[in-house]
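In case it helps, the numbering used here puts the sequence shown at residues 162 to 338. Heads up, the beta-carbon is just placed ideally off N, CA and C, and yes, glycines get one too.
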Amino acid sequence: MDRLYGPDELRRSWCLITMKIDRTGQNSHIHSCEIADGNQHQLFETKTLTAETLQEESDLLQNLAEELDNRRYDDMVLVTSTEEALATLRTQLLTCEAIPTPTLRGFRHVAVLDLLTAYFDDNWIQHFSELPGISYRDDTEQHCSTEVQCSSVDTLWELRTAIGSLIPPKDLQGEPL
């Protein structure tokens, strides 16, 4: 017999986004992007958008904006790896001439890796870096920075699920955009 899912298990509470960004000087280019819906029980289908050239990046951003428009005002939390990833997305949407009025309104935002570095010590951050899709670099002696990056929505979902019960609920609700 097939398992019946309850309404909470099927609810899509989170919209998870990861991006691979190429930075050259002051310019950024989104090379690829993954977007998926999820909740505390499961991750739903994942879409991957890719762009090799600047023209293709415009198409990627248009597709991503359309995906976000389909989820807007559905009481979803937009989950990215860091605030910096959200800032890059905002910048790229703003500079995309094919999107006349870009917006992220209608979402709340949570940066999972920022929560990880805020609430856990370096030992636990290194522990999480063992997940596939996580890269961790600690060069605090040389550059005074710890860098954690997440490259897949699967890993982002695993992190969000793993730390969810250990972080204050108000921090997981996200800030309105």
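- Excluding its 5 nearest sequence neighbours in each direction, N200 has C-beta neighbours in its own chain below 6 Å: R172, S174, listed in chain order.
- Secondary structure at N200: coil, using DSSP grouped into helix, strand and coil.
- A272 is positioned such that its CB atom lies no closer than 7 Å to that of E228.
- When Cβ pairs closer than 8 Å are counted between the two stretches, the stretch 315-333 is seen not to touch the stretch 263-270, the count staying below three.
- Under DSSP, V238 takes part in a beta bridge, and its partners are W175, R269.
- Straight-line spacing of the CA atoms in E213 and L277 works out to 31 Å.
- Rounded to the nearest angstrom, the gap between the Cα atoms of E206 and D282 is 32 Å.
- Residue environment for T179: buried (at least 16 other C-beta atoms within 10 angstroms of its C-beta).
- The C-alpha of Q187 is placed about 30 Å away from the C-alpha of R233.
- Straight across, the Cα-Cα distance linking V314 with L177 is about 6 Å.
- When DSSP states are grouped into helix, strand and coil, L338 belongs to the coil group.
- In the three-state reduction of the DSSP assignment, E227 falls in the helix class.
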